[in-house]
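Novice: Structure incoming, see below.
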Amino acid sequence: MFIESSPDELELLAFFESTPVCLDKDAGSFLYEYSDGYGCCVKFSYSIIAGWIQYNLRSGQHENAHSYIEGVSSFSIRNDKSGEYLYVESHHGEFLTRIEMRIRPHVVVNSSVLIM
Numbered sequence: 001m002f003i004e005s006s007p008d009e010l011e012l013l014a015f016f017e018s019t020p021v022c023l024d025k026d027a028g029s030f031l032y033e034y035s036d037g038y039g040c041c042v043k044f045s046y047s048i049i050a051g052w053i054q055y056n057l058r059s060g061q062h063e064n065a066h067s068y069i070e071g072v073s074s075f076s077i078r079n080d081k082s083g084e085y086l087y088v089e090s091h092h093g094e095f096l097t098r099i100e101m102r103i104r105p106h107v108v109v110n111s112s113v114l115i116m
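Each residue of the sequence shown is one higher than the last, beginning at 1 in UniProt numbering.
Next up, the structure:
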């Protein structure tokens with residue numbers, strides 16, 4: 001499975017306010033990193049060809065959360081009254097995984113798994 005729909009490079013540049021810190025265009029893999037003013041850092045990476053997304057959430061030297069999701073067919077940047085956020089939804093059999101990642105004014109990641 002591969003990621004069929006995702007934000008383009010300009011949309012991701014605007015969202016993360018930087019270019020990828022690591023990329024392998026041949027493998028279709030990209031890594032973005034963002035640190036807020038409170039010492040929280042999120043690393044978001046994905047592979048278009050392999051169809052996975054992962055993120056790491058750190059505060060100082062401590063990893064607070066890590067998630068790796070396979071079988072992702074799309075992700076997007078959405079907008080609501082609170083601002084922009086990166087949205088991922090993945091279906092695996094009876095499981096529905098959703099991730100919302102905001103980076104302004106500070107890093108917030110909401111992740112949920114629903115058993116259907």
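Even for Gly, the Cβ is constructed at its ideal location relative to N, Cα and C. Bear in mind that the values here come from a model prediction, so they are computed numbers and not experimental data.
Can you name, in chain order, every residue of its own chain whose Cβ lies under 6 Å from the Cβ of E70, other than the five neighbours on each side?
Specialist: Cβ neighbours of E70 beyond the five flanking positions: W52.
Novice: Give the straight-line distance between the Cα atoms of V107 and V42, rounded to the nearest whole angstrom.
Specialist: Spanning the two alpha carbons is a distance of roughly 7 Å.
Novice: Name the residue from Y32, L57, Y46 and F2 whose alpha carbon lies nearest to the alpha carbon of V21.
Specialist: Nearest C-alpha to V21: Y32.
Novice: Going by DSSP, which residues form a beta bridge with residue 124?
Specialist: Residue numbering for the chain in the displayed model covers 1 to 116; residue 124 lies beyond these limits and cannot be assessed.
Novice: Starting from the Cα of I3, find the closest Cα among F75, E9, I115 and D36 and give me that residue.
Specialist: Taking only the C-alpha atoms, the option nearest I3 is F75.
Novice: Taking all protein chains shown into account, decide if T97 is buried (16 or more other Cβ within 10 angstroms of its Cβ) or exposed.
Specialist: Per the 10 Å Cβ criterion, buried.
Novice: Return yes when the Cβ of G39 is within less than 7 Å of the Cβ of S59, no when it is not.
Specialist: Against a cut-off of 7 Å, the Cβ pair of G39 and S59 comes out as a contact.
Novice: Hey, quick one: how far does the beta strand (DSSP E) through A14 stretch, first residue to last?
Specialist: Here A14 belongs to no beta strand (DSSP E); instead the alpha helix (DSSP H) covers E9 to F16.
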